[in-house]
Each structure stands twice: as structure tokens, then as C-alpha cells.
Amino acid sequence: MATLNLGILAHVDAGKTSLTERLLHSAGVIDVPGSVDDGSTRTDTMALERQRGITIRSAVVSFTVAGVTVNLIDTPGHPDFIAEVERALGVLDGAVLVVSAVEGVQAQTRVLARTLHRLGIPTLIFVNKVDRAGADPDRVLRQITDRLTPSAVALGRVEAAGTPAARWRPYPIDDPDHTTRLVDLLTAHDDALLDAYLADERAVTGARLRAALAAQTARARVHPVHAGSAITGAGVDDLIGAIAELLPAGEGDDGAPLSGTVFKVERGPAGEKVAYARIFAGTLRVRDRIRYRGDQEAKVTALAVFDGGDAAPAGSVGAGRIARLHGLTDVRVGDPLGVAPERPGGRHHFSPPTLETVVEPARATDRPALHAALAQLAEQDPLINLRQDDLRREIAVSLYGEVQKEVIQATLADEYGVPVTFRETTTVCVERPIGAGAAVERIGRDPNPFLGTVGLRIEPGPVDSGVAFRLGIELGSMPPAFLKAIEDTVRETLHQGLHGWSVLDCVVTLTHGGYWARQSHAHAVFDKSMSSTAGDFRNLTPLVLMAALRQAGTRVHEPVHRFRLEVPADLFGAVLPVLAGLDAVPRSSLLRGGAYLVEGEVPAGRVHALEQRLPSLTRGEGSLEAEFDHYRPVRGPAPSRPRWDHDPLNRKEYLLAVARRVTARSER
Numbered sequence: 041m042a043t044l045n046l047g048i049l050a051h052v053d054a055g056k057t058s059l060t061e062r063l064l065h066s067a068g069v070i071d072v073p074g075s076v077d078d079g080s081t082r083t084d085t086m087a088l089e090r091q092r093g094i095t096i097r098s099a100v101v102s103f104t105v106a107g108v109t110v111n112l113i114d115t116p117g118h119p120d121f122i123a124e125v126e127r128a129l130g131v132l133d134g135a136v137l138v139v140s141a142v143e144g145v146q147a148q149t150r151v152l153a154r155t156l157h158r159l160g161i162p163t164l165i166f167v168n169k170v171d172r173a174g175a176d177p178d179r180v181l182r183q184i185t186d187r188l189t190p191s192a193v194a195l196g197r198v199e200a201a202g203t204p205a206a207r208w209r210p211y212p213i214d215d216p217d218h219t220t221r222l223v224d225l226l227t228a229h230d231d232a233l234l235d236a237y238l239a240d241e242r243a244v245t246g247a248r249l250r251a252a253l254a255a256q257t258a259r260a261r262v263h264p265v266h267a268g269s270a271i272t273g274a275g276v277d278d279l280i281g282a283i284a285e286l287l288p289a290g291e292g293d294d295g296a297p298l299s300g301t302v303f304k305v306e307r308g309p310a311g312e313k314v315a316y317a318r319i320f321a322g323t324l325r326v327r328d329r330i331r332y333r334g335d336q337e338a339k340v341t342a343l344a345v346f347d348g349g350d351a352a353p354a355g356s357v358g359a360g361r362i363a364r365l366h367g368l369t370d371v372r373v374g375d376p377l378g379v380a381p382e383r384p385g386g387r388h389h390f391s392p393p394t395l396e397t398v399v400e401p402a403r404a405t406d407r408p409a410l411h412a413a414l415a416q417l418a419e420q421d422p423l424i425n426l427r428q429d430d431l432r433r434e435i436a437v438s439l440y441g442e443v444q445k446e447v448i449q450a451t452l453a454d455e456y457g458v459p460v461t462f463r464e465t466t467t468v469c470v471e472r473p474i475g476a477g478a479a480v481e482r483i484g485r486d487p488n489p490f491l492g493t494v495g496l497r498i499e500p501g502p503v504d505s506g507v508a509f510r511l512g513i514e515l516g517s518m519p520p521a522f523l524k525a526i527e528d529t530v531r532e533t534l535h536q537g538l539h540g541w542s543v544l545d546c547v548v549t550l551t552h553g554g555y556w557a558r559q560s561h562a563h564a565v566f567d568k569s570m571s572s573t574a575g576d577f578r579n580l581t582p583l584v585l586m587a588a589l590r591q592a593g594t595r596v597h598e599p600v601h602r603f604r605l606e607v608p609a610d611l612f613g614a615v616l617p618v619l620a621g622l623d624a625v626p627r628s629s630l631l632r633g634g635a636y637l638v639e640g641e642v643p644a645g646r647v648h649a650l651e652q653r654l655p656s657l658t659r660g661e662g663s664l665e666a667e668f669d670h671y672r673p674v675r676g677p678a679p680s681r682p683r684w685d686h687d688p689l690n691r692k693e694y695l696l697a698v699a700r701r702v703t704a705r706s707e708r
């Protein structure tokens, strides 16, 4: 049976989870659709999700239609949980983008639509809530073509919009106006269809247009639009039919080498790790030993596939399916299984979090439990990005927004029994080298206490290139374990630069390397005091790297968001001074109808303040879209990371910290 891995995506409160419930009901998986308000939905299983009425973690359910098994992935709609959406995108064959018929196209809708387009994921658009007061499907359809994609085409119309009797009427296959719209859209991407139409209009039948629509939808060239109501069920059966007809099922070779990706990790009842993975190629069986994350290996002790709503135990899983795996004790989100699959669009689809806060336990005795709990949360959401300051015994986490912080706080208290407080949220900056710097420490020469020689040069790299590590010595001149220890330590050390921020967009070259081979006294066993170990290079590398970085110097850059602001025309003059006060820079303004559309840039740290002030400034009529765009040099004095008031890797501090280990080794 063919398999379609389908994502349901939307701006928060567009009715995405309610649509998932209605699809399961219409497909016969559940008897009664669950309610978000009542906390009875199938996919929102966390207590916190049911309390708040929002989706926080992606969930997988399945149903069967027209001989196709559809694995439905319900994703969060709130922008604070965009990392969950990012992980789901990498395993999708198609998507349904949900838009509210009342609120229309919103900020998150645009972000999602652009990402789906960039990744080439076939997408249907569903205009939901046509039964609600204020619903205007025609207006929303115009917004879709203006703001999301000009290649959208409605496959029907809504009758009695804005009333409980609202219903969806598909256009007949021979409807002349609909045929004209389809021809105009489809021939723009199909020269053969255009030639056939110009030669004889009658040869291009409704059936041929429908086949061309399916082919172009599968290639993400066009985006069919349906409408209805997840609450009443209007239009949902037609949407299910379109899913089976227009979206392509997953493909893959069951006989090929195993290739898959882990997109979700959770803990089972006994605390064991459970991994959700999409299998792109090959067949995975229970008790198979598989490689993941390059050099890790483990045996699959149990697996389940999704069928008829829930995950059912299975002995094997083939290409195209989603599986739930047990036995991968060290697995993390994003790990490849077997051969790493090639996916379009790069590793990250959305911007990284640009906010950070320090987490403090309410009870000092809970500090070890807090660290363990946050480590488990980071397994499920790697972009939480724990940062620990060992000197002050503090832990900081990265964030997308204040709602995410509230969810972390509630999760720690409810699920782990660790009540916490947070310090004020701050903006996460980055550092980039200004020039080039080099340093070297040689073995056997004071003041180097380690049995190793390390020389490093650091210099600026291309923007958005991250950290590149290169060898300036012969590959065989040092054991691979020592080279790996140096490279791993370089990347770890650069998490905190001269001002405490991560150092990005640089090239680090190993210019010198040396070691003492395994030695012993006569007729004695191996002596660590005479022989280099990987620990020598892990301890020495930070000293050398920070010395080189000080010589190069760094400049602190702050994150900047691109914003799109729509305000009533009569309030335009009052809004501009507020933007200036928030360091926002308007780049363009356009009068359209009775409103001004303003586009520009604003520091990430000022976005929340702008969101809070907007309703009172615009009588509640303004709308704001903002997303990360780039980093820019900070104006004025370079800010240091909060609580970062010590010299990073000061030689005296550092040597004192490792002296105990060095002394112990010498005594042996």
C-alpha cells in the first residue's frame, strides 16, 4: 500500500488541530471528533497542550483513503515552537496549509508558505472556519494569491459563508469559468498543454486538466485551494479526496541501503528513549543493528508503524514509512539512520532562536535535577541549546519567545517536579572575527604544562558559513584521535568568544601539532606522565585558540528582523515616531486602500515591544509580521553576554582549573 506523509501547518488558532480531528473522523478512525476547548483531541496528548489549547509537540496519527496510508503529522502553530515544524518538514511528502476564513493570511502563514515553496513540498491550501461570523472566503482567496502564491486556484466556492449553514461546492468539471482559470494557470507551466489548447480547445477536456493539475501540484508548481469548516465537517470529504488524488505518495526502494532521519524523540513510560523516524530507503527490522550519527551503533529492540490511527507493533518497516523505534539509547533529533538522506533546502529551514534566559531552581537542592531535566528537554528540542556557566553554576536556554519560556517552566514543574524561575529574557548576539590571529604552544616548553603542541590560526570566513576547521599540517603527522580532540574542542570553545557570545563565520587552521608517543620506563607499563593523550589536546586547545582570537579581535553582531507592518492610513504619522524610538528602520511604505504597508528592519530585541504597543497605536487594526533576516554590527559599545564579567580562558584561571588533573598524572 502506498504511503503519504502529510503535514498539517498553520498560524496558531487557524483550526489546524480541529481539522486533524475532523479528517480522522471522516476517515472512520475515531467515532467523535475531539475538541481543543475540551482537551479531548487525539494529537494533543500533553497535559499542558490540553490546558492551553495549543499544540506544542508534533504528533503522528494515520488513516487510509483510496488505498493510500496517510501518516498525518500535526505541527504547532505558535511561532515560539517553530523548531517542531522544522523537524517535521524534513520528512513530508505533502502538506495542507490551513488559513482562517476570518483572520485570513497571518504572519506565520507567510513564513510557512515561503518555506514550503523553497523546499518544493506539494501543498494544498484549506480555508477553514467558513461557518464563523466574519468569514470572507473571497477576501482570503485574494490574500492567498497576493501574499502567499500567485499559483493558487480555488477548486470550488463557499455558499452561505459566515453562517452555520456554510458549505463547500466543488466546481463541475465542465464549468466554463473554472476551466478558463485552470487553463490560464496550468499552461504557464506546461508547453504541451498550451500547444494542445491552441490547436483545439475541445481537446483539452476537464479530465485532462484534472490530470495536469495533479501533476503540477505534485511538483509544487500550483496550489489547489479548498474551503470548509473543521467544526461542522463542511468541505472536509472533498479535501480528503484531493489529498489522495493530488498529493504524491512517498517513494523509496525497500532493497536499497537503509537511509532515514529521526525527527522526534520522546521518553517512554519507563524513561526509555523512543525515536520517530522517516525511512527514505531500505528496510529496517527488529534486532537490526543500525548506525546513526555517523559512528554510533545500536540494536533496534522494538518498532511500530502507524496504521488505522495508532502505532502498531511490526517486525519491519520499509521505505516511505514513519516508524517508532526503541533501543537507540543515545539518539538525538536530526540524527541520520544508515546513509544520510539528501534533503532539499539545507539543514535549517527557519531562523535560530534569538532570545536567551537563565533558568534558576526555586530550591537550591534541585540544581542537579534541573540540569538532568533540561538535558532531557534538549533531546526533544535541540534548539533549546543549553549553555552552562560552570563558574557560577548557571544554565541558560535559548528561546523563540515568552510563551515557550512559560511552557518550559510549566513542564519542569509538572513533569519533573522542579519549580524554576527565569531571569529577564535577553537578545542572543554573535561574534565575528575582525582580522586574523595566530598562537602556538609547544610541548616541553614553559609555560605549557600539557604533553602536546598546538598551533592555531583564526581568520574571518564567509557570512553564514559557521565554523570551518582546516589542517595546515600533514594528515598523518598526528594520530586521528588527537586531531579529532583538537577539532571538537575548537568548536566547543567558540561557543563563547571574547564577549561571551558564540563566534561564527570563521576559519580555524591547525598550523602546528606535536606529541610524545606511548612510552614507559624500562620493564614498566605505559606511563601517562611521559605520553601524550587526547586529554592534553582538549586542555591545551582552548588556551591557544583564545590567544589567537584575542589577537584577531571580534565584533559583536545583533540579530535583525525584517518586518512588514500594516496600519490604518490616518495613523501612519503617529506610528513612524514609535518605530524610530524602537530603532526600527522603515525601508519602504506603500498606500494601499485605506492602509499603509510599511516594510523595514528592527532589532530582534525590540520586536516584542513593538507587538505589545501595536494594538493601542492602531485601534487594534494593525498587523505585524517579523522574522529573522540577518546579523548586523552592534552600534556603540559591544555588549557582553549577561553575567559574563570574567576574562574567558584567562591563563591563570584556566591553569588553576586543570592543575589538579596534571599533578595527579605526574604523580602516577
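In this text, residue positions in the sequence shown follow our numbering: the first is 41, and each later residue adds one.
For every residue, glycine included, the Cβ atom is placed at its ideal position computed from N, Cα and C.
Every value quoted in this text rests on a predicted model; they were computed, and no experiment measured them.
{"Check": "Residue environment, glutamate 89, which counts as buried when at least 16 other CB atoms sit within 10 Å", "Outcome": "The predicted model places glutamate 89 with a pLDDT of 46, which falls under 50 and marks its position as unreliable, so this point remains unresolved."}
{"Check": "Through-space distance from alanine 412 to alanine 147, alpha-carbon basis", "Outcome": "35 Å"}
{"Check": "Alpha-carbon spacing of alanine 678 relative to threonine 466, whole angstroms", "Outcome": "15 Å"}
{"Check": "For aspartate 545 and glutamine 505, the rounded distance between their alpha carbons", "Outcome": "Looking at the sequence itself, residue 505 is serine, so the reference to glutamine does not match. Cα to Cα, the separation comes out at about 5 Å."}
{"Check": "Residues that phenylalanine 603 bridges to, as DSSP identifies them", "Outcome": "Gly640, Ala666"}
{"Check": "Touch test, the stretch 577–597 against the stretch 491–511, Cβ-Cβ under 8 Å, three pairs minimum", "Outcome": "yes"}
{"Check": "Inter-residue Cα distance where the pair is leucine 137 and glycine 295", "Outcome": "34 Å"}
{"Check": "Stretch pair the stretch 208–220 + the stretch 270–285: three plus CB contacts closer than 8 Å", "Outcome": "yes"}
{"Check": "Cβ-based neighbour list, alanine 453, same chain, cut-off 6 Å, excluding 5 preceding and 5 following", "Outcome": "Pro459"}
{"Check": "contact_flag[the stretch 509–517, the stretch 622–629] where n(CB pairs < 8 Å) is 3 or more", "Outcome": "no"}
{"Check": "Own chain, CB closer than 8 Å to phenylalanine 303, minus 5 neighbours either side, in chain order", "Outcome": "Ser98, Arg127, Ala128, Gly130, Val131, Tyr316, Ala317, Arg318, Val373, Gly374"}
{"Check": "C-alpha gap between leucine 417 and valine 647, whole angstroms", "Outcome": "26 Å"}
{"Check": "Neighbour-count burial assignment, leucine 238, 16 or more Cβ in a 10 Å radius", "Outcome": "exposed"}
{"Check": "Selection from Ser572, Thr394, Arg578, Leu226 that minimises the alpha carbon distance to aspartate 528", "Outcome": "Arg578"}
{"Check": "Proximity winner among Glu471, Gly68, Thr461, Pro392, relative to serine 438 (alpha-carbon distances)", "Outcome": "Pro392"}
{"Check": "Spatially closest choice to leucine 395 from Val265, Glu419, Ile424, by CA coordinates", "Outcome": "Ile424"}
{"Check": "Histidine 552 to arginine 595 span [Cα, whole Å]", "Outcome": "27 Å"}
{"Check": "Spatially closest choice to proline 177 from Thr163, Ala194, Arg187, by CA coordinates", "Outcome": "Ala194"}
{"Check": "Other residues of its chain near histidine 597: CB distance less than 8 Å, five sequence neighbours each side excluded", "Outcome": "Cys469, Val470, Glu471, Arg472, Tyr671, Arg672, Pro673, Val674"}
{"Check": "DSSP state of histidine 711 mapped onto helix, strand, coil", "Outcome": "The requested residue 711 is not part of the displayed model; the chain covers only 41 to 708."}
{"Check": "Test item: CB-CB of alanine 592 and glutamate 499 under 8 Å", "Outcome": "yes"}
{"Check": "Residue interval of the alpha helix (DSSP H) (run including glutamine 449)", "Outcome": "442–456"}
{"Check": "For tyrosine 237, the three-state DSSP class (helix, strand or coil)", "Outcome": "helix"}
{"Check": "Among Arg433, Arg659, Val167, Pro519, the one whose alpha carbon lies nearest that of alanine 574", "Outcome": "Pro519"}
{"Check": "Residue environment, valine 607, which counts as buried when at least 16 other CB atoms sit within 10 Å", "Outcome": "buried"}
{"Check": "Sequence-distant residues of the same chain with beta carbon closer than 6 Å to valine 125, five excluded per side", "Outcome": "Thr115"}
{"Check": "Pick from Leu605, Gly537, Ala54, Val244 that is closest to serine 680, judged by C-alpha positions", "Outcome": "Gly537"}
{"Check": "Aspartate 347: first and last residue of the uninterrupted beta strand (DSSP E) it sits in", "Outcome": "342–347"}
{"Check": "Cβ-Cβ distance between lysine 313 and valine 326 below 8 Å", "Outcome": "no"}
{"Check": "Proximity to phenylalanine 668 [Cα-Cα], best of Val262, Gly441, Pro204", "Outcome": "Gly441"}
{"Check": "Alanine 50 (DSSP reduced to helix, strand or coil)", "Outcome": "strand"}
{"Check": "The stretch 97–113 contacting the stretch 341–353, beta-carbon criterion three pairs below 8 Å", "Outcome": "yes"}
{"Check": "Buried or exposed (CB count within 10 angstroms, at least 16 for buried), glutamine 652", "Outcome": "exposed"}
{"Check": "6 Å CB neighbourhood of threonine 163 in its chain, flanking five on each side removed", "Outcome": "Ala135, Leu137, Leu156, His263"}
{"Check": "Top-ranked residue by Cα proximity to glutamate 199, from Leu324, Gly613, Gly268, Thr245", "Outcome": "Gly268"}
{"Check": "Terminal residues of the alpha helix (DSSP H) in which proline 620 lies", "Outcome": "Note that residue 620 corresponds to alanine in the displayed sequence, not to proline. Taken as a continuous stretch (DSSP letters only), the alpha helix (DSSP H) holding alanine 620 covers 612–621."}
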